Structure formats: structure tokens, C-alpha cells
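*Asks:* Position in the sequence shown (first residue = 1) + 53 = our numbering.
Positions of the beta carbon are idealized from the N, C-alpha and C atoms, including for glycine.
Please read these numbers as outputs of a predicted model, since none were measured by experiment.
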Amino acid sequence: MERLRIGEQRHTVLDFLAKEMERIWASFDHARESEPEFTASLKLLLNEQLPEGSQEIIEVLGQSVDVLESSIAQSRPRFLAYIGSSGLEVGAIADFLASSYDINQAIDSRASTVLEQQTAKWVGEFIGFKSAIGYFTSGGMVSNLTALATARNQALPASRKLGIDRKVAIYASHESHYSVRRTMEVLGMGSESLRSIPIDGHHRMNVTELKRQINIDLSSGITPIAIVATAGTTLTGAVDPIGELVKVAKEKQIWLHVDGAYGVPAAGTARSALFEGLDDADSVTIDAHKWLFVPKSCSLVLMKDRNGLAMTFSHHEAYMPHANDDYNPVDLTLEYSRPFRALKLWIAFKTHGAEAFRDAIEKNIRLAELTYQIAAQRSDFRVLPYPPDLSIAPIQFLSPSESNRSALNERLCQRILEDGRFYISTAQINGETWLRPCYTNFRTTEADVFALFDVVTELSAQL
Ligand SMILES: Cc1ncc(COP(=O)(O)O)c(C=O)c1O
Numbered sequence: 054m055e056r057l058r059i060g061e062q063r064h065t066v067l068d069f070l071a072k073e074m075e076r077i078w079a080s081f082d083h084a085r086e087s088e089p090e091f092t093a094s095l096k097l098l099l100n101e102q103l104p105e106g107s108q109e110i111i112e113v114l115g116q117s118v119d120v121l122e123s124s125i126a127q128s129r130p131r132f133l134a135y136i137g138s139s140g141l142e143v144g145a146i147a148d149f150l151a152s153s154y155d156i157n158q159a160i161d162s163r164a165s166t167v168l169e170q171q172t173a174k175w176v177g178e179f180i181g182f183k184s185a186i187g188y189f190t191s192g193g194m195v196s197n198l199t200a201l202a203t204a205r206n207q208a209l210p211a212s213r214k215l216g217i218d219r220k221v222a223i224y225a226s227h228e229s230h231y232s233v234r235r236t237m238e239v240l241g242m243g244s245e246s247l248r249s250i251p252i253d254g255h256h257r258m259n260v261t262e263l264k265r266q267i268n269i270d271l272s273s274g275i276t277p278i279a280i281v282a283t284a285g286t287t288l289t290g291a292v293d294p295i296g297e298l299v300k301v302a303k304e305k306q307i308w309l310h311v312d313g314a315y316g317v318p319a320a321g322t323a324r325s326a327l328f329e330g331l332d333d334a335d336s337v338t339i340d341a342h343k344w345l346f347v348p349k350s351c352s353l354v355l356m357k358d359r360n361g362l363a364m365t366f367s368h369h370e371a372y373m374p375h376a377n378d379d380y381n382p383v384d385l386t387l388e389y390s391r392p393f394r395a396l397k398l399w400i401a402f403k404t405h406g407a408e409a410f411r412d413a414i415e416k417n418i419r420l421a422e423l424t425y426q427i428a429a430q431r432s433d434f435r436v437l438p439y440p441p442d443l444s445i446a447p448i449q450f451l452s453p454s455e456s457n458r459s460a461l462n463e464r465l466c467q468r469i470l471e472d473g474r475f476y477i478s479t480a481q482i483n484g485e486t487w488l489r490p491c492y493t494n495f496r497t498t499e500a501d502v503f504a505l506f507d508v509v510t511e512l513s514a515q516l
């Protein structure tokens, strides 16, 4: 028997997985009372040398589950740090199927290539960016890079061959994601070409400041490449005024990219008014592995037409045959080998229906509102002057015995992480450290929000 097959053990392995997955998914439905210890035996396992011989697969799978159980899983309902996700069950099943077929989306792979476009269109419909074409990428970083490379090519068509021969600028709010800056570094525009536009009292890009900066640049001979509207900032969930930014972009003929990696799924819900103007943008980034709940990695870059992508990425390599002289997906994407990421979102939409996604997103927003209300009513917390737009609710703990609020909240966050019942991160807002619960998991409930305040109250007394 070929040594790289599971062979006769297939049935045993699938039985083992079926039982384990039932237990694991059930465990995600409830919070753990603490994080398990990183045991000495696990450390020994993770210090083993390259195995030359074979080992019983059930034993190896058991060890893998031990590693996973001792890792920080974003699927658990009390993971409220950064921008988490949910590891949607049908998404995990889809990954298993897709990996087994191991299709490469770089070339025309028949049905899977059509499914990718169908799913991108569905996502466009869901958020109100109609007739979108789109490609799945590894994450918001790569989606932003793809869109901004296309914008650069549109503004400077010769740059693909000759490089950038002049001063350029990209405009994004002071609280835009670091991936915009990194993109500019990687694309040779230089991070100093990023115009970090001040925010208003609601943490949205200040449009008057944007116009002022563009006029200064134009009169100094600097070429604008793109305006980046953040639709859901990582710090507070603020949504830049997309409609107003579209007007500026159209008037000045500048590419408008919407970085909706986190927040844009809310455009498909009762919060759609916040995203007014989205349909007139040139490109949109959306991370399905954030607020559409599927497992990583699953991001999309959406565009109204594919010409820009083709001008930026297409090529003719002898080893990449082109059917009917049409482009291959690899001519329209940055990545070469690309897994079949679309399947998990396709299965998820079909199995649960778009309405279930809208409900889950709105439920997350209500959890952020509840967090805001509880903190606003307590004298030992401070909140922002307005309720959350999306599902991030920054709160700051106050204590009469500590005037340095940043130091207090840093210590408190550290204590929460050591305790292990919740996983939470901090954010620097208006120059101070805040706790920043972010709700992007469909498993998190109101009971978890109340428990968060109980835990914070208990642990803050120990500081
Ligand atoms: C607004 C925004 N853009 C881009 C990204 C980068 O996304 P990814 O981690 O999927 O590369 C993030 C990540 O949190 C984000 O919040």
C-alpha cells in the first residue's frame, strides 16, 4: 500500500473526527471557565524532532486536538479582542471539502471559477455594491493591496513598467488600518505619501480637511492615487462618510476605495444608511472571515469592472494557457496559487440564508449597544459621547485611587488575559488606553456581556 494514504483507516479516522467535531462545536456554544494550562507534556510534544517513522493517525489527531484546545480560539464566545471571527461550522466543513479537492483558482477551473464569481456577486448584492466582480484573497491586507495597486495603475498607467516617477498621495483617515500604510510601502509609493487626514468628533474622516489636503497636493504637482474610506475602523468601528468622499473623488477624478474589511457587512442590515454612497465607490474590501463569520482565510476585493485588475495584473506566461483568449483569474489577482476560498461563503449563504447573516450582525451590534449602556450607567466606567455605530464598544474603567487611566486600563486588560475567562484587547483612543470589546461572533450572547462586567468588577478589585 502506498505509504501516503490513510487507506483502510479512513473509516476510523472519519468516525473519530465526527465524534470530536460534535464535542468541539458543542464546547464553542459555552464559555470556558478558564484557559487550559500549557502543560509540560504539550511543551515536550512541541519540542519533538522531525519524525522519520510513522505514528498512529488517531494518536496524532488526538495530539493535534490537544494543541488546538490549548490555543486561543476565536470561535469561543468570549473572545472579544481585535476583530475576531466565529469559525462558522459549515465554513469548516467547506474547508475540509475544498482542501480535499485542492483546486487551484489561479486558472479557469470550470465550475469552481464560476462559483467564485457567483459568490462575489452575492456579496456585492448583500452589501449594496451591485454588479460587482470580485476575487477572494487571503485577507484585508491583500484585498487593500490589490485595490490600491489597481488605483495606482489607473492614475499612472506607465508605472507598472517604469515604476513611479513622481510624487503621489493616498488619502485615508488618521484611524485607517495599518494595511494602507503597508501597501504604500510595498508598492513603492512610500509611507510618507500617506496623507493621514484628521478625524471628526465621531472618529470619521474630516472631509473639509481632506479637500484642503488634496488642493495643497494638486497645487504642488503631487498626483493623487486614491482616497480610502474606512467603513468600520479597527479602533472604534467608525464609518467614514462614504457619500461625501465619493463626491470629492468624482470631482477630482480620484479612485475611491472602501476598506470595509471589518464593517461593510453591516451595510446589508438596518445600519445601511451609514454606508450611503457605497455603490459609487471604485473598489471595496470585505473580510468574510470577520463579520460574515466564516473561518480564515476568506476576504474579497470587489470592483465594478475587471479592466482595472486586468491592466494591473494580467500577463502572458507560456505555462498558463488562456482558454478562448480570456483572462485567467491569475491575470486579475495578486496571488498565484489560490485555494477555493469562495466555497465556504457559498455554502454558508445557501445553508443559512442571507437573512440569518443580517440577524447575526444586528445581534452583535445590539451586544455593543448593551455594553455601552451598562458602562454609561456605572460611575466606574467612561464611554464615548455617542453609542456604537457597529459592534465595537470602547469602555474605560475608572478608579478614584488611580489618576492614570491608561495605566489602570492596561493593568486591567493584562489581568483579564491572565484570568482567562475573557480574551479582550485595548485600543488607544484620543491618546488614552481603553478596553475595546468587539463583537463579531454569532455565539456571543447578552449573558456574556453581563459576565464581562462581573469579571471586570471582580478583577479590578484585585489590582
Ligand atoms: C479596517 C481593516 N482593514 C484591513 C484589515 C486587515 O485584514 P486582514 O487581517 O484580514 O489582513 C483589518 C484587520 O483587522 C481591518 O480592521
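Taking V113 as the reference, give the member of F69, N268, F81 with the closest Cα.
*Replies:* Position 60 of the sequence shown, counted from the first residue, corresponds to residue 113. Closest option to V113, Cα to Cα, is F69.
*Asks:* Please confirm whether any heavy atom of ligand 1 lies closer than 7 Å to the CB of D293.
*Replies:* The residue given as residue 293 occupies position 240 in the sequence shown. No, the Cβ of D293 stays beyond 7 Å of every heavy atom of ligand 1.
*Asks:* Which ranges does the alpha helix (DSSP H) cover as unbroken runs of at least 4 residues, wholly within the region 314-347, from first to last along the chain?
*Replies:* If we require 4 residues or more, the alpha helix (DSSP H) runs fully inside the region 314-347 come out as 341-344.
*Asks:* Below 8 Å between beta carbons: does that hold for V143 and A401?
*Replies:* Walking along the sequence shown from the start, residue 143 turns up at place 90. Walking along the sequence shown from the start, residue 401 turns up at place 348. Going by C-beta atoms, V143 is nearer than 8 Å to A401.
*Asks:* In this structure, does DSSP put A230 in helix, strand or coil?
*Replies:* Locating residue 230 in the sequence shown gives position 177, counting from the first residue. According to the sequence as given, residue 230 is His; it is not Ala. Looking at H230 - three-state DSSP - the assignment turns out to be coil, as it is neither helix nor strand.
*Asks:* Which same chain residues, not among the five before or five after D119, have their C-beta less than 8 Å away from its C-beta?
*Replies:* To locate residue 119, count along the sequence shown from 1; it is residue 66. Excluding residues within five positions, the ones whose Cβ falls inside 8 Å are L95, L98.
*Asks:* For Q62, collect the residues of the same chain with a Cβ closer than 7 Å to its Cβ; drop the 5 residues on either side in sequence, then sort them by chain order.
*Replies:* Numbered from its first residue, the sequence shown carries residue 62 at position 9. Once the five neighbours on either side are set aside, the close Cβ partners of Q62 are I110.
*Asks:* Measuring alpha carbon to alpha carbon, tell me which residue in L420, Q127, S123 is nearest I445.
*Replies:* As a position in the sequence shown, residue 445 is number 392, starting the count at 1. The shortest Cα separation from I445 among L420, Q127, S123 belongs to L420.
*Asks:* Using the Cα positions of S152 and F393, report the straight-line distance between them to the nearest angstrom.
*Replies:* Indexing the sequence shown from 1 puts residue 152 at position 99. Indexing the sequence shown from 1 puts residue 393 at position 340. Cα to Cα, S152 sits roughly 8 Å from F393.
*Asks:* Going by beta carbon distance, what residues of the same chain come within less than 8 Å of E238, once the five residues before and after it are set aside?
*Replies:* Start at 1 with the first residue of the sequence shown, and residue 238 comes out as number 185. Cβ within range, chain order: S244.
*Asks:* Can you list, in chain order, every residue whose CB sits closer than 5 Å to a heavy atom of ligand 1?
*Replies:* So the residues near ligand 1 by this Cβ test are I136, G192, G193, M194, H230, S232, T287, D312, A314, Y315, D340.
*Asks:* May I have the straight-line CA-CA distance separating Q171 from F182, to the nearest angstrom?
*Replies:* To locate residue 171, count along the sequence shown from 1; it is residue 118. To locate residue 182, count along the sequence shown from 1; it is residue 129. About 14 Å.
*Asks:* According to DSSP, is H256 helix, strand or coil?
*Replies:* In the sequence shown, the residue the question calls residue 256 occupies position 203. Correct three-state label for H256: coil.
*Asks:* If you reduce the DSSP assignment to three classes, tell me which class H64 lands in.
*Replies:* Position 11 of the sequence shown holds residue 64. If DSSP states are grouped into helix, strand and coil, H64 belongs with the helices.
*Asks:* Count the other CB atoms, across all protein chains shown, that sit within 10 Å of the CB of T289; report buried if there are 16 or more and exposed otherwise.
*Replies:* In the sequence shown, the residue the question calls residue 289 occupies position 236. Buried.
*Asks:* With distances taken Cα to Cα, identify the nearest neighbour of S226 among F189, I186, W487, V292.
*Replies:* On the sequence shown, position 173 is the one that residue 226 refers to. For the residues F189, I186, W487, V292, the minimum Cα distance to S226 belongs to V292.
*Asks:* Which runs of the alpha helix (DSSP H) at least 4 residues long sit entirely within the region 117-182? Give them in chain order.
*Replies:* Listed in chain order, they are 142-154, 164-180.
*Asks:* Given a cut-off of 8 Å on the beta-carbon distance, is the pair L141 and L396 in contact?
*Replies:* Within the sequence shown, residue 141 is the residue found at index 88, counting from 1. Within the sequence shown, residue 396 is the residue found at index 343, counting from 1. In this structure, L396 does not lie closer than 8 Å to L141 by Cβ.
*Asks:* Who are S452's beta bridge partners in DSSP?
*Replies:* As a first step, residue 452 must be located in the sequence shown, where it is residue number 399. Answer by DSSP bridge pairing, in chain order: E455.
*Asks:* Give me the Cα-Cα distance between F506 and T166, rounded to the nearest whole angstrom.
*Replies:* Start at 1 with the first residue of the sequence shown, and residue 506 comes out as number 453. Start at 1 with the first residue of the sequence shown, and residue 166 comes out as number 113. The alpha-carbon atoms of F506 and T166 are separated by roughly 47 Å.
*Asks:* Nearest to A363 by CA position, among S162, A204, A79, is which residue?
*Replies:* Sequence index remark: in the sequence shown, residue 363 carries index 310 (1-based). Considering only alpha carbons, the answer is A204.
*Asks:* Which residues share a DSSP beta bridge with Y476?
*Replies:* What you label residue 476 is simply residue 423 of the sequence shown in a count that begins at 1. BP columns for Y476 point to F132.
*Asks:* Taking M364 as part of the alpha helix (DSSP H), name the residues at either end of that continuous run.
*Replies:* Reading the sequence shown from its first residue, position 311 is the one you call residue 364. Looking at the DSSP string, the run of the alpha helix (DSSP H) that includes M364 is 360-366.
*Asks:* From the DSSP output, read off the bridge partner residues of C491.
*Replies:* Position 438 of the sequence shown, counted from the start, is the residue given in the question as residue 491. DSSP output for C491 lists I445 as bridge partner(s).
*Asks:* Once you ignore the five residues that flank T286 on each side, which residues in its own chain have a CB closer than 6 Å to its CB?
*Replies:* Looking up residue 286 in the sequence shown gives position 233. The residues are E228.
*Asks:* With 16 other CB atoms within 10 Å as the buried threshold, where does V176 fall?
*Replies:* Along the sequence shown, read from residue 1 onward, the residue named residue 176 stands at position 123. Burial call: buried.
*Asks:* How many angstroms separate the CA atom of G192 from the CA atom of S454?
*Replies:* Position 139 of the sequence shown, counted from the first residue, corresponds to residue 192. Position 401 of the sequence shown, counted from the first residue, corresponds to residue 454. In a straight line, the C-alpha of G192 is about 43 Å away from that of S454.
*Asks:* My parser needs the alpha helix (DSSP H) runs of 4 or more residues fully inside the region 189-252; what are they?
*Replies:* Qualifying alpha helix (DSSP H) stretches, in chain order: 193-208, 212-215, 231-239.
*Asks:* Tell me the rounded alpha-carbon separation between K303 and I280.
*Replies:* Taking the sequence shown and counting its residues from 1, the one referred to as residue 303 is at position 250. Taking the sequence shown and counting its residues from 1, the one referred to as residue 280 is at position 227. Approximately 11 Å between the Cα atoms of the pair.
*Asks:* Please report the straight-line C-alpha distance between K214 and S367, rounded to a whole angstrom.
*Replies:* Counting from 1 along the sequence shown, the entry for residue 214 is found at position 161. Counting from 1 along the sequence shown, the entry for residue 367 is found at position 314. Between K214 and S367, the C-alpha separation is close to 13 Å.
*Asks:* Which word fits K403, buried or exposed, when buried means at least 16 other C-beta atoms lie within 10 angstroms of its C-beta?
*Replies:* Sequence index remark: in the sequence shown, residue 403 carries index 350 (1-based). Answer is exposed; the Cβ neighbour count stays below 16.
*Asks:* In this structure, what does DSSP give as the bridge partners for M356?
*Replies:* By one-based count along the sequence shown, residue 356 stands at place 303. Per DSSP, I186, S336.
*Asks:* Tell me whether L309 sits in a helix, a strand or coil according to DSSP, three-state version.
*Replies:* Within the sequence shown, residue 309 is the residue found at index 256, counting from 1. Correct three-state label for L309: strand.
*Asks:* Taking DSSP as the reference, what is the three-state secondary structure of F506?
*Replies:* On the sequence shown, residue 506 is found 453 positions in, with the first residue counted as 1. In the structure shown, F506 sits in a helix (DSSP, three-state: H, G or I).
*Asks:* Once you ignore the five residues that flank Y135 on each side, which residues in its own chain have a CB closer than 6 Å to its CB?
*Replies:* On the sequence shown, residue 135 is found 82 positions in, with the first residue counted as 1. Correct list, in chain order: S478.
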